[in-house]
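What follows is a short report on a single structure.
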Amino acid sequence: MQMKKYRLQTEMENLKIDNQEWFKDYLRSVLESDKSYFEKADYIAYSINQIQNKIDYISNEIKELQTIKKNLTNVKEIALEITATVLAEYGIDKLEGATISSITITPQSSKSKDVVTIKDDNAVMGLGFVSFSVDMEAVEKAISSKEGLDELKEFIEVNTFKTIIPAKIKINNKRTSANTEINVDEILVIEEAA
Numbered sequence: 002m003q004m005k006k007y008r009l010q011t012e013m014e015n016l017k018i019d020n021q022e023w024f025k026d027y028l029r030s031v032l033e034s035d036k037s038y039f040e041k042a043d044y045i046a047y048s049i050n051q052i053q054n055k056i057d058y059i060s061n062e063i064k065e066l067q068t069i070k071k072n073l074t075n076v077k078e079i080a081l082e083i084t085a086t087v088l089a090e091y092g093i094d095k096l097e098g099a100t101i102s103s104i105t106i107t108p109q110s111s112k113s114k115d116v117v118t119i120k121d122d123n124a125v126m127g128l129g130f131v132s133f134s135v136d137m138e139a140v141e142k143a144i145s146s147k148e149g150l151d152e153l154k155e156f157i158e159v160n161t162f163k164t165i166i167p168a169k170i171k172i173n174n175k176r177t178s179a180n181t182e183i184n185v186d187e188i189l190v191i192e193e194a195a
């Protein structure tokens with residue numbers, strides 16, 4: 002995997018909701034540069050793809066870390082239980098430490114939770130233990146037709162919320178073999194005077 006970071010990618014990573022003009026100006030300068038149309042497209046797409054690669058990498062790392070955390074949590078619990086068992090075998094209920102105050106054995110305890118299984122639904126409902134609620138899925142399906150809306154309109158209120166989804170670009174990558182290395186040149190090189 003090629004790990005080259007371009008300025009456009011850096012500008013994207015530093016974007017803020019309240020400060021977008023700098024990025025817009027840089028993007029304009031990329032589009033107005035003397036590079037070919039294809040180089041500009043590759044440069045923009047490559048920078049966005051690199052951010053997606055980072056997102057994917059981080060997602061995979063998070064999954065691995067969650068697995069490691071779960072495993073460590075399990076082995077810690079096992080170690081605590083085994084240590085308590087071994088200390089109890091030696092008749093030790095408390096160990097004083099130099100850097101820690103002490104290790105104590107907590108006594109075995111139990112929790113109980115009632116699980117109710119209904120043997121006769123009708124008998125329980127006949128005693129008044131019943132609840133009714135509106136089937137929202139059926140209502141939403143019914144109001145999609147004029148007849149259903151007419152039937153329900155005096156009993157319901159329909160509010161429409163509109164969410165505007167801004168225009169975005171979509172990167173359509175070419176299919177490449179695993180051995181093909183993508184090489185994109187930095188479009189704008191700013192030379193600083195010494």
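Just so you know, we're using our numbering here: the sequence shown kicks off at 2 and counts up by one.
The beta-carbon is built from N, C-alpha and C at its ideal position, and this holds for glycine as well.
For residue j and residue i, believed in contact at Cβ under 8 Å, the rounded distance
| i | j | result |
| --- | --- | --- |
| E12 | F24 | 5 Å |
| D94 | T105 | 7 Å |
| N173 | N50 | Wrong, their Cβ atoms sit about 11 Å apart, outside the cutoff. |
| I200 | L9 | Here the chain has residues from 2 to 195 only, and residue 200 is not among them. |
| L96 | S103 | 6 Å |
Where residue i falls: helix, strand or coil (DSSP)
| i | result |
| --- | --- |
| K154 | coil |
| F96 | First, the amino acid is wrong: residue 96 is Leu here, not Phe. DSSP places L96 in strand when its eight states are reduced to three. |
| D43 | helix |
| N50 | helix |
| G127 | helix |
| Q67 | helix |
| K25 | helix |
| S30 | helix |
Counterpart residues of residue i in DSSP-defined beta bridges
| i | result |
| --- | --- |
| S103 | E97 |
| K17 | N20 |
Where the alpha helix (DSSP H) through residue i begins and ends
| i | result |
| --- | --- |
| E138 | M137 to A143 |
beta-carbon residue i near the ligand PLP non-hydrogen atom, thresh 8 Å
| i | result |
| --- | --- |
| S60 | What this structure holds is no ligand at all, so the ligand PLP is not there to describe. |
CB contact check: residue i to chain C, cutoff 9 Å
| i | result |
| --- | --- |
| L81 | The chain inventory of the structure shown lacks chain C, comprising one protein chain alone. |
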